[in-house]
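Residue numbers (full-length UniProt numbering): 1 to 145. Virtual Cβ for every residue (Gly too), placed ideally from N, Cα, C. Remember, it's a predicted structure, so these values are computed and weren't measured experimentally. In what follows, a single structure is set out as structure tokens and then discussed.
Structure representation (structure tokens):
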């Protein structure tokens with residue numbers, strides 16, 4: 001299997017991870033994450049959270065987040081995919097828009113997160129093993145002050 005095919009397959013699962021989150025579809029999100037022999041090694045760091053380990057804890061966190069997210073949209077930039085045999089690393093910048101329909105103005109907020117997503121190929125399928133997101137703080141350019 002060529003590197004280009006591997007990279008395309010990883011990119012497809014990477015895109016599905018964000019599509020499942022945007023759709024608030026827990027079943028799709030669950031299908032993206034590694035299971036079986038990799039279940040205990042599944043890890044996730046949501047921005048501002050401590051590390052979660054184990055498939056059950058990670059999926060529980062996604063259920064909680066999805067239940068409390070009215071709207072979210074990702075515009076991914078600086079996406080880089082590297083494949084190392086049966087492992088792959090995707091780094092990117094998540095440009096995030098969120099909204100809350102429960103507020104009078106339908107509050108809309110945005111922010112940026114740098115993310116590292118590690119995938120493993122198990123039984124011929126790429127699955128997410130680790131997601132780590134860190135917020136990017138807005139830095140004021142010294143010349144603007």
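Check whether the region 21 to 37 touches the region 51 to 71, taking contact to mean three or more Cβ pairs, one atom from each stretch, closer than 8 Å.
Contact check between the region 21 to 37 and the region 51 to 71: three or more CB pairs, one atom from each, fall below 8 Å, which counts as touching.
Taking the alpha carbon of residue 96 as the point to measure from, which residue in 112, 71 and 45 has its own alpha carbon closest?
The count along the chain shown starts at 1 and reaches residue 96 at position 96. Cα-wise, what sits closest to residue 96 is 112.
Could you tell me which uninterrupted alpha helix (DSSP H) segments, each at least 4 residues in length, are contained entirely in the region 80 to 105, listed from first to last along the chain?
None, since the region 80 to 105 contains no complete alpha helix (DSSP H) of that length.
What is the residue span of the alpha helix (DSSP H) that residue 40 lies within?
Here residue 40 is taken as the residue at index 40 of the chain shown, counted from 1. For residue 40, there is no enclosing alpha helix (DSSP H), since its DSSP letter is neither H nor E.
Within 7 Å, strictly: CB atoms of residue 120 and residue 38
For the purposes of this step, residue 120 is identified with residue 120 of the chain shown, where counting begins at 1. For the purposes of this step, residue 38 is identified with residue 38 of the chain shown, where counting begins at 1. If you check the CB distance, residue 120 and residue 38 come in under 7 Å.
Length of the line joining the Cα atoms of residue 135 and residue 116
By 1-based counting over the chain shown, the position of residue 135 is 135. By 1-based counting over the chain shown, the position of residue 116 is 116. Approximately 12 Å between the Cα atoms of the pair.
Short check: CB of residue 35 to CB of residue 55, under 7 Å?
Position 35 of the chain shown, counted from the start, is the residue given in the question as residue 35. Position 55 of the chain shown, counted from the start, is the residue given in the question as residue 55. Yes.
One question on the structure: do residue 13 and residue 126 come within less than 7 Å of each other, judged by their Cβ atoms?
Counting from 1 along the chain shown, the entry for residue 13 is found at position 13. Counting from 1 along the chain shown, the entry for residue 126 is found at position 126. Between residue 13 and residue 126, the C-beta gap is smaller than 7 Å, which places the two residues in contact.
For residue 46, which three-state DSSP category applies?
Along the chain shown, one-based indexing puts residue 46 at 46. Coil, per DSSP.
For the alpha helix (DSSP H) holding residue 31, just list the boundary residues, first then last.
For the purposes of this step, residue 31 is taken as the residue at position 31 of the chain shown. Looking at the DSSP string, the run of the alpha helix (DSSP H) that includes residue 31 is 26 to 32.
Coil, strand or helix - residue 123 by DSSP
The residue you call residue 123 lines up with position 123 of the chain shown. Coil, per DSSP.
Might you give, ordered along the chain, the residues of its own chain that have their beta carbon closer than 6 Å to the beta carbon of residue 88, omitting 5 neighbours on each side?
Counting from one through the chain shown, the residue named residue 88 turns up at place 88. Excluding sequence positions up to five before and after residue 88, its CB lies within less than 6 Å of the CB of 10 and 119, all in the same chain and listed in chain order.
I need the DSSP call for residue 78, collapsed to helix, strand or coil.
For the purposes of this step, residue 78 is taken as the residue at position 78 of the chain shown. The three-state secondary structure of residue 78, taken from DSSP, is strand.
If you follow the alpha helix (DSSP H) that residue 64 is in, where does it begin and where does it stop?
Residue 64 sits at position 64 when you count from the first residue of the chain shown. Start and end: 55 to 67.
Taking only three categories from DSSP, how would you classify residue 138?
Locating residue 138 in the chain shown gives position 138, counting from the first residue. Here residue 138 sits in coil by DSSP.
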